[in-house]
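Let me begin by presenting the structure, written as structure tokens, before commenting on it.
Number of protein chains: 4
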Amino acid sequence: MGGQPSFDVGDCNMIEIGIVGGTGYTGAELLRLLARHPEADLRFITSRSEAGVRACDLFPNLRGITDLAFSVPDPKVLADCDLVFFATPNGTAMQMVPDLLAAGVKVIDLAADFRLADAAAWERWYGMPHACPDLLASAVYGLPELHRERIKRARLVANPGCYPTAVSLGLLPLIEAGLVASERLIADAKSGVSGAGRKASVNALMGEVGESFKAYAIPGHRHLPEIEQVLGSIAQRPVGLTFVPHLLPMIRGIEATLYATLLDAGTGEDLQQLFEGRYSGEDFVDILPPGSHPETRSVRGVNTCRIAVHQPGGKDVVVVSSVIDNLVKGAAGQAVQNMNIMFGLAESLALDAVALLP
Amino acid sequence: MGGQPSFDVGDCNMIEIGIVGGTGYTGAELLRLLARHPEADLRFITSRSEAGVRACDLFPNLRGITDLAFSVPDPKVLADCDLVFFATPNGTAMQMVPDLLAAGVKVIDLAADFRLADAAAWERWYGMPHACPDLLASAVYGLPELHRERIKRARLVANPGCYPTAVSLGLLPLIEAGLVASERLIADAKSGVSGAGRKASVNALMGEVGESFKAYAIPGHRHLPEIEQVLGSIAQRPVGLTFVPHLLPMIRGIEATLYATLLDAGTGEDLQQLFEGRYSGEDFVDILPPGSHPETRSVRGVNTCRIAVHQPGGKDVVVVSSVIDNLVKGAAGQAVQNMNIMFGLAESLALDAVALLP
Amino acid sequence: MGGQPSFDVGDCNMIEIGIVGGTGYTGAELLRLLARHPEADLRFITSRSEAGVRACDLFPNLRGITDLAFSVPDPKVLADCDLVFFATPNGTAMQMVPDLLAAGVKVIDLAADFRLADAAAWERWYGMPHACPDLLASAVYGLPELHRERIKRARLVANPGCYPTAVSLGLLPLIEAGLVASERLIADAKSGVSGAGRKASVNALMGEVGESFKAYAIPGHRHLPEIEQVLGSIAQRPVGLTFVPHLLPMIRGIEATLYATLLDAGTGEDLQQLFEGRYSGEDFVDILPPGSHPETRSVRGVNTCRIAVHQPGGKDVVVVSSVIDNLVKGAAGQAVQNMNIMFGLAESLALDAVALLP
Amino acid sequence: MGGQPSFDVGDCNMIEIGIVGGTGYTGAELLRLLARHPEADLRFITSRSEAGVRACDLFPNLRGITDLAFSVPDPKVLADCDLVFFATPNGTAMQMVPDLLAAGVKVIDLAADFRLADAAAWERWYGMPHACPDLLASAVYGLPELHRERIKRARLVANPGCYPTAVSLGLLPLIEAGLVASERLIADAKSGVSGAGRKASVNALMGEVGESFKAYAIPGHRHLPEIEQVLGSIAQRPVGLTFVPHLLPMIRGIEATLYATLLDAGTGEDLQQLFEGRYSGEDFVDILPPGSHPETRSVRGVNTCRIAVHQPGGKDVVVVSSVIDNLVKGAAGQAVQNMNIMFGLAESLALDAVALLP
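Protein chains in written order, with the numbering used here: chain A, 3 to 360; chain B, 3 to 360; chain C, 3 to 360; chain D, 3 to 360.
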């Protein structure tokens, strides 16, 4: 193929970026998005296990796009970056983030290390001690539609989980407006298998998960406390959520069907206006017309969350359907959105692709 | 291939059977199941559009199994059967059933014509006048786990819808025991695309529904009044259900995740015992051990409903996950189960296959 | 969503474009690609059946991207365009193209009307008389890697079929170099279901084509004479091809495995160099390293053709595996590539996305 | 669920059976088939890694069918069986088979240990020394349609590979009749992912293989020498085959499209008669009518191989399309067929299910 690698090298005005842990789907998606970002100068991508391997040999869609090879993470090189993304398993970022912050590097963690403000809760749900609980208070939960101003000033952003993004955006207007019983929320969420990551496992073999469907983690999923924290901060008191995730026989996409009880059964039109008003001006939230049902394919590969709100039979139960691409708005896309905000760029820079349909 | 067609012809002790409307997936599945039924003498299968075509030319899995060709329905021939299955679009069976019953033929309708006891409700949801509302009272709703004794004596069985089967079996023990707030039930159900039938349509093209997921019919689905009727008859008062169906990018299988509020939050073990006790002795309902999550593939091709019951966090919300194969327990398999009951045969006759996994 | 529709309106320096027949997958893909084309001013998209409907109501990925609605084709409006794409069924473009060319409009036909130079052959394979056989000689077959110079000057481009693109690019270097027995070629090709289009049909239902695989059209497929024409023009004598297409249980992607007999068994390295040399400088053909196997997902959504060449066991059979996205390099992407060439733009303009993987 | 486990225990006339290595898809499929075999008394199923785990906890389709738990293989217990199936990785069976044969136990190996008659070739392709090369001569290659009489008398059957079954059955009549150039055969084969087994691996994750398609092992696949051996034994001289396997984004099914050059181009009707004649009387080979294209779904879950033969354009290339379920006729089903033959039972015993379609 003709042409040059797309990542510019050495332009001193660009943002110098490192990615720690780039062999998973989230890392691959960051590479895909940053490859077309006009202000991103991707300096390195690390992986201990794949050090020396070119990213495009692991992810053939990157052939002709970048010649970067994975490297062993080097603290000195990391410290020279303007921004480091962590696309690592839970528990890795917290080992390296204190030094990076001390060196003046900004950090966006796509794992869960800094999502929960309560260190004890984090340790209970994630099964390990937290390496830097003192940083939790200064980490900003990177949901731009809720915390844009804080993200602008943040040095450490905890990029939200995929389910929490879809669920929170769908319930946020109702909770903010105080319209529903916040102690009795239900989120029935379904995710494509890319959410399980790219690691050797029997449970995610196509022979195991193709042509089948199931709920999982009904007794409790790590995204439950995260969602309850987000919604609780909006409600300004603890909320009660029943959260059931399910595994879809497809690769990308999350749909969350949300059920809430209206305190005072209003009209469907009011809810529609509520949602449209709340998200007017937001580039990445699209409220569908009344009577709609969003499809996950309508957001395949893009950073948009599409939402429909219903009030079936005019009764007191409001039903919201919210869809995202779990790897984009649910991970790498939202991370780039946060980066754009943190560095004063147009929020949609490099995030203006059209979803791939069919 | 060697061997003889599997359908016996002319054995005077066998049940003489006709299928009206056999070109859809439900008809194909009836053919598959009856082909191995030792007491079934399938005499004919009708289709106006495909008259003269052999069933095995439409459904190549039937090659070597049956040489039957579709024929135009003939009232005289129908009247000579012991049993007629209707696998027709809604509104067809009701035109022919009165004459068949008058001729002494037993009928199992796999469509919706006789599912709702209230003719006015039927006409509202199905958008046409009912041709024989006087028969509705004598039709038996064919959910054997609820109405086995009535089915034994029935001459006209309304075979339940697919969603209603999965949802009703999952909620039945809770409603019967009076443990949950029956005015505030939620059923979040997901179905494979075979539930949409086998007719030319853009909406069910693989290009439209593959690798995507969505809710549909949130404002109201025809199975809502059917489920409310079943559950209401158990509760002996009207129930309130929010029912949201979804379309899965796969072919066979329904999973329903059911949410109910305990009137008095009990223990998980009690619920487990309740479900196991309710369905002990049932051949086609399998209560999984505590902490389980049933997969739709575990019932692929078989008449079993597998159910798990949870009480997340020990709170007052009970979560039930219920799976069936929509074409078997949700349609043709349950119809054969009803036939076995109506004719005094072993209930599991011809229904003892092992699910195809993977 | 914030922001303005992406299609610029009324910039007098931009290329004014119309799309005739925009309700299929090819039309949708043209919309997706042109939406991000900086020189394209899409004026209208026609559909008789969907006139008045907004494109984004049919294709929800276009919400927030374009507000264009389908319109009834109007010859006068068409005649004001710089360029008209036909994304219509076979036999439609040939009715309208003569008038458009007379009005000075350039045309790219994504259907088959102008692909075969021999009108009699066209009529035999397509089963209808040709409306303007006199135009066939001046139509340029739009495979840029073969006919770039002619495309630059073309007023009417016949955009290649999907299979012919994958097969021709894979065999071209071997035929050009005269290395293989051109009377004994085999192309075993496999396509995702989007190749069958977006029209109501039982045969493309997910229930019919999901989780299954088959060959089709073994006795003869319309793309056979097209491929034989392309390869014959390279070989400068008739070639003999056995072409067997197959239907894949997925949406996008074509893989063609090609078998040819070397006239004089050379070494694998020579073939690798031959392919790399032939396509050096080509933006949209990527020759993989020796020993590779291209995956269709590596080109999902992009205009690239990836090719690997093998000589198993060092014997005299050369095996080529060639993959494209049937809707991009096999249809709309190649059409945009041809447009860029015809209008003197950078050939990769609006075609530089990164493939969506996973 | 009611009822008793289906496996009879202790009936002294039944065949006492052990399965070594039952945690893969082949082992699971053997369990599924033997569960309904009236003459099979399954005594144990071994797995070192899963010892103590019930099979139905790994494969939930077996709930209510068998309560057998995996056990550590015990030579003494093995030696008491009438028949032992090996569903182990390559290289395991050859360690245990000599002792079993010495103890009078019959063996069917579903792995590759005894498929190649040439120990040196085996060691080259499988990368390890053979533990009992002296047994290779007495092992019978278990393709019943070719070796039925030898299988009847066999004590050790090498169950054929999945690709070799589909390819050999498709080419066998042409080779036997000496109609085609046997030094120039091509097999373009495609398999569902269950062929890759059920072991933790990145390469078979749904995120890696879903919605994508590729060729693999073009330089050489272990099934190549196996097929060449089978066809060579028919041709009574070495054959030349180009064999290219591909990975399908689905679970079950193999389709092989086979290309051969007629030595003397005959008529299509003759080839049809040739195939029908060769397989008349065979329960598990179905020759489709002229002009047909077999679908893998038509054999899902059953032991049938469906074949269509074509002569496109009446030229000298014959094209055969052959489909099987790789886990049934390509593995466990053929093994049960071989067992039935070895023990003098009806060949189709427990193999008479109807394929699951859709």
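Beta carbons are placed, not taken as given, at the ideal position from N, Cα and C, and that holds for glycine.
Using a Cβ-Cβ distance under 7 Å, would A:I253 count as near chain D?
yes
Given that a residue counts as buried once 16 or more other Cβ atoms are within 10 Å of its Cβ, and exposed if not, what is A:P314?
buried
What did DSSP end up calling C:F72 once you bin it into helix, strand or coil?
strand
According to the neighbour-count rule (16 or more other Cβ atoms, all chains shown, within 10 Å of its Cβ), is B:R239 buried or exposed?
exposed
Drop a sphere of 10 angstroms on the beta-carbon of D:Q231, count the other beta-carbons inside from all chains shown, and report buried for 16 or more, exposed for fewer.
buried
Could you compute how far the alpha carbon of A:A276 sits from the alpha carbon of A:R126?
Note on residue identity: the sequence assigns Leu, not Ala, to residue 276 of chain A. The alpha-carbon atoms of A:L276 and A:R126 are separated by roughly 37 Å.
With 16 other Cβ atoms within 10 Å as the buried cut-off, status of A:S51:
exposed
According to DSSP, which residues form a beta bridge with C:T306?
Bridge partners of C:T306: none, in fact.
What residues match up with B:G20 in a beta bridge as DSSP calls it?
B:F46, B:V86
Rounded distance between the beta-carbons of A:L351 and A:H39, thought under 8 Å
6 Å
Chain C beta carbons: is any one of them nearer than 7 Å to that of D:T167?
no
Between the segment 243 to 263 of chain B and the segment 179 to 191 of chain B, are three or more C-beta pairs nearer than 8 Å?
yes
Since A:L32 and A:A337 are thought to touch, with beta carbons under 8 Å apart, how far apart are those beta carbons, to the nearest angstrom?
7 Å
Quick one: does C:Q6 have its CB under 7 Å from some CB of chain A?
Residue confidence is low: C:Q6 scores 43 on pLDDT, short of 50, so the model does not pin down where it sits. No coordinate-derived value is stated.
Proximity to A:V159 [Cα-Cα], best of A:L329, A:L260, A:D111, A:D272:
A:D111
Return no unless some Cβ of chain C is closer than 7 Å to the Cβ of D:L276.
no
Which chain C residues are close to A:A30, counting only those with a beta carbon under 9 Å from its beta carbon?
L359, P360
Using a cut-off of 8 Å between C-beta atoms, extract the partners of A:V79 located in chain C.
Simply none; closest approach about 25 Å.
Can you name, in chain order, every residue of its own chain whose Cβ lies under 6 Å from the Cβ of C:P7, other than the five neighbours on each side?
Residue placement at C:P7 is flagged as unreliable, the pLDDT there being 43, under the threshold of 50; a coordinate-derived value is accordingly withheld.
7 Å is my cut-off, CB to CB: does A:I309 come that close to chain C?
no
Quick check: what's the CA-CA separation for D:D59 versus D:R65?
8 Å
8 Å contact criterion, which B:V195 and C:G20 should meet: CB distance rounded
Between C:G20 and B:V195 the Cβ distance is about 35 Å, and since that is not below 8 Å, they are no contact.
Taking C:Y27 as the query, report the chain B residues whose CB atoms sit under 7 Å from its CB, ordered along the chain.
G209
Beta-carbon of C:G303 versus every beta-carbon of chain A: anything under 7 Å?
yes
Buried or exposed for C:I17, going by 16 or more other Cβ atoms inside 10 Å?
buried
Got a sec, what are the start and stop residues for the alpha helix (DSSP H) B:Y128 sits in?
121 to 128
Should C:A352 be listed as close to the ligand ZN, given that the test is whether its C-beta is under 6 Å from any heavy atom?
The model on display carries no ligand, and the ligand ZN is accordingly not part of it.
Residue from A:G93, A:D101, A:L85, A:L273 with nearest C-alpha to A:P373:
Chain A is shown from 3 up to 360; residue 373 of chain A falls before or after that span and cannot be answered.
D:L64 touches chain B at which residues, Cβ-Cβ below 8 Å?
V356
Using the rule of at least 16 other Cβ atoms within 10 Å of the residue's Cβ for burial, across every protein chain shown, is C:Q97 buried or exposed?
exposed
Proximal residues to A:V74 (C-beta, below 7 Å), its chain only, five neighbours per side dropped
T48, R50, A53
Opposite C:F245 in the DSSP bridges: which residues?
C:A189
Alpha carbons only, please: which of D:A113, D:L226, D:C134 is nearest the one belonging to D:A121?
D:C134
For the putative contact between B:G255 and B:T298, defined by C-beta atoms under 8 Å, what is the C-beta separation to the nearest angstrom?
3 Å
For C:K331, decide whether its Cβ has a neighbour in chain D, counting only Cβ atoms nearer than 7 Å.
no
Going along the chain, which residues of the segment 335 to 352 of chain C sit with their C-beta nearer than 7 Å to a C-beta in chain A?
none
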